[in-house]
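Notes follow the structure.
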Amino acid sequence: MSNKSKKYAMLFDLRKCIGCNTCSIVCKSENDVPLSVWRAWVKKIEKGHYPHVREFSLPIVCNNCEDPICVTVCPVNAGIKRPDGIVYIDPHRCIGCRYCMASCPYGVRYINPRKKIAEKCYWCHHRVDAGLMPACVVTCPTGAILFGDLNDPESEIAQVIAKNAVHVIKPEMGTSPQTYYIGLDIESVEAVEEEK
Amino acid sequence: MLKKRYSRRRFMKTGITWTAGLAASRHALSTPLDNRQRAVSRTSLKSLTAIPTTCKQCPAGCGVIAYLNGNRLIQILGNPAHPINHGGICAKGVAGINLANDPERLLYPMKRVGSRGDGAWTRVTWDEVYVLLSQRIRGLIPNRRFNEWLTDTGEDDPLLNRLLDAIGSSVINRHRLKNSNRNAALQSMVQTSQILEDVGHSRLILNFGANPYANHDRFFPMAQQLVDARVNKGARLITFDVRMSETAAQSDEWYPIQAGTDAIVALAIAHIIVEKNLVNSGFIQQKTNTSLGQLRRHLTPYTPEAAERESGVKATVIEKLAVEFGSQTPSVAITGGGISDHENGMQNVRCVSLLNWIMGNLEKKGGIFVPPLTEFHHFDRQPPSETIGATEKNIGNPSQVFDQKHKIDTYFAYMANPAYSEPDNVSVSRNLRDENKVPFLVVMDTHLNETAQLADLVLPAASYLEGWDLEVFPTIDRKIILNLRQPVVSLLSSAQALRMTAFEEGKLLEDIFRPRGEAKEIGNFSLELSRRLGEDIKRLFPYKNTREFVTKAVEAIEECDLEILKREGFWSGRLPASLDLIHPGMERSQGTKQIVSISSPTEENRPFPPMPVYSPLNTHKDLSGNEFILTMYKSNLWAKGTANSKWVREIFHENRLWINREAAAKLNISNGDMVRVVSSAGALHIRVITTGRIHPRSVALAEGLGHDAVGNVAKGKRFKSSDLDTPLIWWTRSGNGVNPYTIIERRKDPCGGGYALKDTVVRIEKT
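Chains as they are written, first to last, in the numbering used here: chain A, 1052 to 1247; chain B, 75 to 841.
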């Protein structure tokens, strides 16, 4: 079903994100993600001192990198990068060795506690192949998440990226992430979330 | 063996007909959708059956689509065509399937064995339940003791309300109680408590204590408008709140403020606007009952400096905001629970609303709209029952009931949990446990909650995904949006349907849903109970079931029909005049009468000064170093229906006490320390989080946690069940939080009559 002429990407507009965790929960229901692991989550970081204080929300999903290290290191070739850019894991090949988890700079992979294999966000490729948007994109209440084909200049995501300054997380890792952010606070990428 | 008269040929013929019919109907259910409403199965890649319905996790009325794989509900997503939420829904709405499919749901009616609160139950049949309840109700009629039947409702239902009217029950209405300070304030000014704030078109939004990004009656629909206004239209959102709420975090400016002093800031802003002559004087002259001169005299003492002394918000900031509010029109001021849940809550809302009236923000783009009200559920208006007649029924809150020694025969709690979510809940549950005060306690709920643990009779309620209902929402263009709620859980298989009465009624061509176990919709429960209460009451309920009630209600609107609603989930348009529309704003704007009462006549039973004034809270004065004002807040994941939801509890299972970092340092408390929080109502042991996101004189605690009933997920316990996830519950060690209601004092606003939940002063001791 994959299309060679396509290059999928995801965009989080953090000006619109209100940190509501809808993406985390709808992902659980769409992909049957067990308790204790997440494919999408929202990190909340406080910065500054009273009263000059800010709180930043940072939703995180797999970056589906253009040069995915996780695919390179997989000893059994279970990691696959599709021509349209989606990186996924063949569940029948994966042996749960965790090399990919160790190599991923973003920590988005986990071992499914029931199946004991590595899993991660793959932009709901079952929905994308059926011509639908990923579950978090359709559900986001403020429309902060966009998804589409960067090779199509008419697509909303291509137009928004053309008009706005966008960031990716940890560009220095050389993986060319395809999940973009508008209004990213660089410091909150590395910051550790406090218990609340 | 088949009986002789039912020949093999006939059996085959009927079988084939029904099978064909069923196949056709299932097909019909899943086709009429545009591509945006489709969803596919993750494993088989086949399209899922999609049924539009309405969410009820909060009162916002978002349209959702329920997706079924075979007969099992597997997902809820937003309805992209719905005019209220435009396809977005919140985490609670998605987690609705946890409620419907919860292995710990209460599914059978049960009667207590042993003494109250022992937790020993025996199953009874619904028939026994109806006999028992109807006998109790009928027993009250001879001596006209109707009001000894006390109903505590957490959710409104038209048929239940009708039954309560008919039997003359006393009512505690949670939804009305929650907003009563704000409602009383708006009622006193614009004669209706239902207003719509058109924030999507404002250029400047002053937010006093509202938190639409996390919890609001118009939750996401309002958040969407705010985000759109800010990001796409360049509007500015400015928030006053004691803590950095989710809304404050995404505001352009956040001003921490001393709790309960918002009124004086609003009055000081009004003072400057009047001083600098930025007011809409034409509006004040023509549409209000006060004059500019009178207003100027009234506002003279409320200078920015006076406001700074009380609230801590700098006078320069107040002046700056006043000029912006007066000049960057359309501008609007919005209010929320943060300012109305105080002992001066009603006056707070009146003072903030004054800002809108002096700018002439009524029925104006980017301002406040007063939509028409409708009593749609009374479409078949019936005269009251003759034996009972019309009675006074709304009676405040449970604490008042027990304090004033209101005599109770039966306490019926529907979707309400007074033993858990009532200020000073420990004493409320002590009263509920006392058989002299409450001779008979009936609880109808989806789960065996804290109140149900004390009950004599527990009844399984259907969740909002298992029943029929209609809801009406006003819009700013004087139309209505009619939302249909239809069942989406437990689609009967063809074999099950054949065994049902539906077979006899020839309704096999329709999909048949039935609530899980023996759970009942409250509407059907009310109808069945009414049938057993004699002709006089029975005639008010000429419906077989909720579905028939909904069908008849829809028939009252000519342009709408049930098939449209079932297919689309909603209908938008105008109601016919016959449905008794009340247009408060409209009627008055056509005449010459004033429409906004800035100066309200003093009512006898609720004495408050006629003009909006700041009334200082004396209990908050002169606090010592370890005394703080406790603010209880609702997280965006809070909802009654999510108490036992695994996905929600996984993210939100611990509530720590927010305390200002500098204030904590003075008390030698550091992040993560255990403290004892003491108020006159009780004490809690809790871990603190030191943060810069809260005013130094306030501490904050999230509500909705600390359950000791409801279910193992709510209690944070690992267990085995039909759900493969429940043995994976990982937050057992950090516990399930604490219930702030334990330390909230029983206070209320004497003017508004509602709770003052945010006025409790607590002492913090390091342990």
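Positions of the beta carbon are idealized from the N, C-alpha and C atoms, including for glycine. Predicted model only: the values in this text are computed from it and were never measured.
N- and C-terminal bounds of the beta strand (DSSP E) containing residue i
{"i": "P330 (chain B)", "result": "E327 to P330"}
{"i": "M748 (chain B)", "result": "M748 to V752"}
{"i": "L758 (chain B)", "result": "A757 to T765"}
{"i": "E545 (chain B)", "result": "D543 to P548"}
{"i": "E1097 (chain A)", "result": "W1092 to H1100"}
{"i": "R856 (chain B)", "result": "Missing from the structure shown is residue 856 (chain B); chain B here goes from 75 to 841 and no further."}
{"i": "W431 (chain B)", "result": "Note, W431 (chain B): premise wrong, no beta strand (DSSP E); alpha helix (DSSP H) at G419 to I432."}
{"i": "F623 (chain B)", "result": "Looking at the DSSP string, F623 (chain B) is not in any beta strand (DSSP E); the run it does join, the alpha helix (DSSP H), is T620 to E629."}
{"i": "S1108 (chain A)", "result": "H1103 to I1111"}
{"i": "I703 (chain B)", "result": "E701 to Y707"}
Backbone secondary structure at residue i - three-state DSSP
{"i": "Q265 (chain B)", "result": "coil"}
{"i": "E777 (chain B)", "result": "coil"}
{"i": "S687 (chain B)", "result": "Before going further, note that residue 687 (chain B) is Val rather than Ser in the sequence given. Of the three classes helix, strand and coil, the one that applies to V687 (chain B) here is coil, per DSSP."}
{"i": "E661 (chain B)", "result": "Only weak support exists for where E661 (chain B) lies, its pLDDT of 46 falling under 50; the coordinates are left without a value."}
{"i": "E540 (chain B)", "result": "coil"}
{"i": "D594 (chain B)", "result": "Correcting the residue type first, residue 594 (chain B) is Lys in the shown sequence and not Asp. Three-state result, K594 (chain B): strand."}
{"i": "N1215 (chain A)", "result": "coil"}
{"i": "Y1150 (chain A)", "result": "helix"}
{"i": "I803 (chain B)", "result": "coil"}
{"i": "T335 (chain B)", "result": "coil"}
{"i": "P561 (chain B)", "result": "coil"}
{"i": "F587 (chain B)", "result": "strand"}
{"i": "P534 (chain B)", "result": "strand"}
{"i": "E736 (chain B)", "result": "helix"}
Neighbouring residues, chain B, relative to residue i (Cβ below 9 Å)
{"i": "P1164 (chain A)", "result": "L802"}
{"i": "G1225 (chain A)", "result": "Correct list: empty, because the minimum Cβ distance to chain B is about 32 Å."}
{"i": "H1177 (chain A)", "result": "V114, S115, R116, T117 and L119"}
Contact belief for residue i with residue j at Cβ below 8 Å, rounded distance in angstroms
{"i": "M263 (chain B)", "j": "G826 (chain B)", "result": "Not really, about 13 Å apart at Cβ, beyond 8 Å."}
{"i": "F547 (chain B)", "j": "L233 (chain B)", "result": "F547 (chain B) to L233 (chain B), Cβ: 20 Å. No contact."}
{"i": "G143 (chain B)", "j": "L122 (chain B)", "result": "It should be noted that the sequence gives Asn, not Gly, for residue 143 (chain B). That belief holds up - the Cβ atoms of N143 (chain B) and L122 (chain B) are roughly 6 Å apart, short of 8 Å."}
{"i": "G400 (chain B)", "j": "L352 (chain B)", "result": "3 Å"}
{"i": "G597 (chain B)", "j": "T620 (chain B)", "result": "4 Å"}
{"i": "F453 (chain B)", "j": "A627 (chain B)", "result": "5 Å"}
{"i": "E178 (chain B)", "j": "V722 (chain B)", "result": "With a Cβ gap of about 14 Å, E178 (chain B) and V722 (chain B) do not count as contacting."}
Chain D contact residues for residue i, given Cβ-Cβ distances below 8 Å
{"i": "D799 (chain B)", "result": "Among the chains of the structure shown, chain D does not appear; the protein chains present are A and B."}
Chain A contact residues for residue i, given Cβ-Cβ distances below 9 Å
{"i": "G162 (chain B)", "result": "T1073, V1189, T1190, C1191, P1192, T1193 and G1194"}
{"i": "Q131 (chain B)", "result": "Here the premise fails: no neighbours, minimum Cβ distance about 12 Å."}
Where residue i meets chain B, residues with beta-carbon distance less than 7 Å
{"i": "L1197 (chain A)", "result": "Ordered by position in chain B, no residue passes the 7 Å Cβ test against L1197 (chain A), which lies about 13 Å from the chain."}
{"i": "G1182 (chain A)", "result": "N109"}
{"i": "R1144 (chain A)", "result": "The premise fails here: R1144 (chain A) is roughly 18 Å from chain B at the closest Cβ pair, so nothing lies under 7 Å."}
{"i": "R1066 (chain A)", "result": "V305"}
Chain A contact residues for residue i, given Cβ-Cβ distances below 7 Å
{"i": "V762 (chain B)", "result": "Within 7 Å Cβ-Cβ: nothing; V762 (chain B) doesn't reach chain A, min ~11 Å."}
{"i": "V426 (chain B)", "result": "Neighbours of V426 (chain B) on chain A: none; closest Cβ ~21 Å, over 7 Å."}
{"i": "Y707 (chain B)", "result": "By Cβ distance, chain A contributes nothing, its closest Cβ being about 12 Å from Y707 (chain B), past 7 Å."}
{"i": "W721 (chain B)", "result": "I1076 and K1079"}
{"i": "G766 (chain B)", "result": "E1097, G1099, H1100, Y1101 and V1104"}
{"i": "A169 (chain B)", "result": "I1076"}
{"i": "V562 (chain B)", "result": "Per Cβ cutoff of 7 Å: no residues; V562 (chain B) is ~14 Å from chain A at best."}
{"i": "R112 (chain B)", "result": "L1183"}
{"i": "I743 (chain B)", "result": "Going along chain A, no residue has its Cβ under 7 Å from I743 (chain B), so there is no contact; the nearest lies around 15 Å."}
{"i": "E320 (chain B)", "result": "I1069 and G1070"}
Partners in chain A for residue i, counting only beta-carbon separations shorter than 8 Å
{"i": "P330 (chain B)", "result": "Y1101 and P1102"}
{"i": "L151 (chain B)", "result": "V1077, A1186, V1189 and T1190"}
Chain-ordered chain B contacts of residue i [CB-CB under 8 Å]
{"i": "N1082 (chain A)", "result": "R116"}
{"i": "G1158 (chain A)", "result": "Result: empty, since nearest Cβ-Cβ is about 17 Å, beyond 8 Å."}
Host alpha helix (DSSP H) of residue i (start-end)
{"i": "V1124 (chain A)", "result": "I1120 to V1124"}
{"i": "V499 (chain B)", "result": "According to the sequence displayed, residue 499 (chain B) carries Asn and not Val. Note, N499 (chain B): alpha helix (DSSP H), N499 to R507."}
{"i": "K840 (chain B)", "result": "Note, K840 (chain B): premise wrong, no alpha helix (DSSP H); beta strand (DSSP E) at V835 to K840."}
{"i": "S808 (chain B)", "result": "Note, S808 (chain B): premise wrong, no alpha helix (DSSP H); not H, not E."}
Distance cut-off 6 Å: residue i Cβ against heavy atoms of the ligand NAP
{"i": "V1124 (chain A)", "result": "Among the ligands in the structure shown, none appear at all, so the ligand NAP cannot be discussed."}
Worksheet item: Fully enclosed by the stretch 163-240 of chain B, which alpha helix (DSSP H) runs are 4 residues long or longer?
Response: As far as the stretch 163-240 of chain B is concerned, its whole alpha helix (DSSP H) runs of at least 4 residues are 165-168, 170-174 and 200-214.
Practice prompt. Scan the stretch 123-166 of chain B and note each continuous alpha helix (DSSP H) run of 4 residues or more that stays entirely inside, going in chain order.
Written response: If one requires a minimum length of 4 residues, no alpha helix (DSSP H) run lies completely within the stretch 123-166 of chain B.
Worksheet item: Where are the alpha helix (DSSP H) runs, 4 residues long or more, that stay fully inside the stretch 1165-1194 of chain A, in chain order?
Response: 1176-1180 and 1186-1190
Worksheet item: At which residue ranges does the stretch 365-416 of chain B contain complete alpha helix (DSSP H) runs of 4 or more residues, listed in the order of the chain?
Response: 366-373, 378-385, 389-401 and 411-414
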